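Colleague: Per my numbering, the sequence shown starts with residue 1304, numbered consecutively. By construction, the Cβ of each residue, glycine as well, lies at the ideal position given by its N, Cα and C atoms. Keep in mind the model is a prediction, meaning the values are calculated, not measured.
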Amino acid sequence: MVDADTLTVAAVVLAAIGVSYTLLHGRKDDRAALPRLEVRFTFWESQDDNRQPYIRTGPWVVAKNIGPRPALRLRLHGALGTFRQMPLAAIENPFHKSYRTDDWNFFTDTGEVDVLDPGASEAIKTAADDNDTDAVIILLFEDPDGKRHYAVTRFTYDSDNEDWWKLRASRNVSNLFALSRYLRVLLGRTRAKEIARLVGK
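What follows is the structure in structure tokens.
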């Protein structure tokens, strides 16, 4: 026979499991309802001309809202670097320690995109040239409830295609701590701290 104390302990454990499950899935549901951005970085713009379907007018940062809610007040920040002599292990590995240096230069676009509806894209003109080999693009945006979010995307320049190549899918985070932590593994502690401070203003 099971005594009363054992039943009480079992009831408490089951209740704790139920609360944990509810909180976990509640957070997942909340995240699923947020606007999310997927970002491209390109020198090229499409045009309605079969003889020349693309024309080099950029660089452009192209943000697409892949979430179910509008993204509001988009603002652009980024870091550009020139890394010519890199170890073989660093190729296609954006987290390699060789990139964690003070050699990144920052840029900020003071303009804003007011509203980016679900499924919509918007191109933002920005700064980069043929000397830059690597880029970290950060888009700050808000959800309709006024909460801030950040989309971070790491690119490298593909000289064969004369355009930027995305090394990882855009990472969307919802607080400055998570943003800073991700930037540290991309840029190094010092530069990550500096650009996180700029983005957080």
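Are residue 1502 and residue 1474 close, meaning C-beta to C-beta below 8 Å?
Modeller: Reading the sequence shown from its first residue, position 199 is the one you call residue 1502. Reading the sequence shown from its first residue, position 171 is the one you call residue 1474. Not closer than 8 Å, so no.
Colleague: Rank 1360, 1428, 1476 by C-alpha distance to the C-alpha of residue 1349 and give the top, closest one.
Modeller: Position 46 of the sequence shown holds residue 1349. Of the listed residues, the one whose Cα sits closest to residue 1349 is 1360.
Colleague: Take residue 1362 as the anchor and find which of 1485, 1466, 1499, 1494 has the nearest alpha-carbon.
Modeller: As a first step, residue 1362 is located in the sequence shown; it is residue number 59 there, counting from the start. Closest by alpha carbon: 1466.
Colleague: Return the first residue and the last residue of the beta strand (DSSP E) that residue 1428 is part of.
Modeller: Translated into positions along the sequence shown, residue 1428 becomes position 125. 1424 to 1428 is the extent of the beta strand (DSSP E) around residue 1428.
Colleague: Taking all protein chains shown into account, decide if residue 1358 is buried (16 or more other Cβ within 10 angstroms of its Cβ) or exposed.
Modeller: On the sequence shown, residue 1358 is found 55 positions in, with the first residue counted as 1. It is exposed - the Cβ of residue 1358 has fewer than 16 other Cβ atoms within 10 Å.
Colleague: How about residue 1340 and residue 1446: do their beta carbons lie closer than 8 Å?
Modeller: Residue numbering aside, residue 1340 sits at position 37 when the sequence shown is read from its first letter. Residue numbering aside, residue 1446 sits at position 143 when the sequence shown is read from its first letter. No. Outside cutoff.
Colleague: Which runs of the beta strand (DSSP E), 3 residues or longer, sit entirely within the region 1428 to 1488?
Modeller: Complete beta strand (DSSP E) runs here, min 3: 1437 to 1445, 1451 to 1461, 1466 to 1469, 1474 to 1476.
Colleague: What would DSSP say about residue 1340, mapped onto helix, strand or coil?
Modeller: Your numbering for residue 1340 matches position 37 in the sequence shown. Here residue 1340 sits in strand by DSSP.
Colleague: From residue 1404 to residue 1382, what distance separates their C-alpha atoms?
Modeller: Here residue 1404 corresponds to residue number 101 of the sequence shown, with the count starting at 1. Here residue 1382 corresponds to residue number 79 of the sequence shown, with the count starting at 1. Cα to Cα, the separation comes out at about 12 Å.
Colleague: What residue does the beta strand (DSSP E) around residue 1378 start on, and which one ends it?
Modeller: Here the question's residue 1378 lines up with position 75 in the sequence shown. First-last of the beta strand (DSSP E) with residue 1378: 1374 to 1384.
Colleague: Taking the CB atoms as reference points, tell me whether residue 1364 and residue 1375 lie closer together than 8 Å.
Modeller: Walking along the sequence shown from the start, residue 1364 turns up at place 61. Walking along the sequence shown from the start, residue 1375 turns up at place 72. The answer is no: Cβ separation not under 8 Å.
Colleague: How far does the alpha helix (DSSP H) with residue 1369 in it extend, from its first residue to its last?
Modeller: Start at 1 with the first residue of the sequence shown, and residue 1369 comes out as number 66. Here residue 1369 belongs to no alpha helix (DSSP H), and DSSP marks it neither H nor E.
Colleague: So, do the region 1428 to 1440 and the region 1380 to 1400 have three or more beta carbon pairs nearer to each other than 8 Å?
Modeller: Segments in contact, yes.
Colleague: Residue 1427 to residue 1415, Cα distance in whole Å?
Modeller: Taking the first residue of the sequence shown as 1, we reach residue 1427 at position 124. Taking the first residue of the sequence shown as 1, we reach residue 1415 at position 112. So the alpha carbons of these two residues sit roughly 9 Å apart.
Colleague: With DSSP as the reference, label residue 1348 as helix, strand or coil.
Modeller: Indexing the sequence shown from 1 puts residue 1348 at position 45. Reduced to three states, the DSSP call for residue 1348 is strand.
Colleague: Taking only the alpha-carbon atoms, compute the straight-line gap between residue 1498 and residue 1354 and give it to the nearest angstrom.
Modeller: Within the sequence shown, numbered from 1, the residue matching residue 1498 stands at position 195. Within the sequence shown, numbered from 1, the residue matching residue 1354 stands at position 51. Cα to Cα, residue 1498 sits roughly 42 Å from residue 1354.
Colleague: Residue 1397 and residue 1492 - do their beta-carbons sit closer together than 8 Å?
Modeller: For the purposes of this step, residue 1492 is identified with residue 189 of the sequence shown, where counting begins at 1. For the purposes of this step, residue 1397 is identified with residue 94 of the sequence shown, where counting begins at 1. Contact flag unset, no.
Colleague: Can the beta-carbon of residue 1496 be found less than 8 Å from the beta-carbon of residue 1477?
Modeller: To locate residue 1496, count along the sequence shown from 1; it is residue 193. To locate residue 1477, count along the sequence shown from 1; it is residue 174. Contact: no.
Colleague: Alpha carbon to alpha carbon, how far is residue 1369 from residue 1391?
Modeller: For this step, residue 1369 is matched to residue 66 along the sequence shown. For this step, residue 1391 is matched to residue 88 along the sequence shown. Cα-Cα distance, rounded: 34 Å.
Colleague: What's the call for residue 1423, buried or exposed, on a 16-neighbour Cβ count within 10 Å?
Modeller: Position 120 of the sequence shown holds residue 1423. By the neighbour-count rule (16 or more Cβ atoms within 10 Å), residue 1423 is not buried but exposed.
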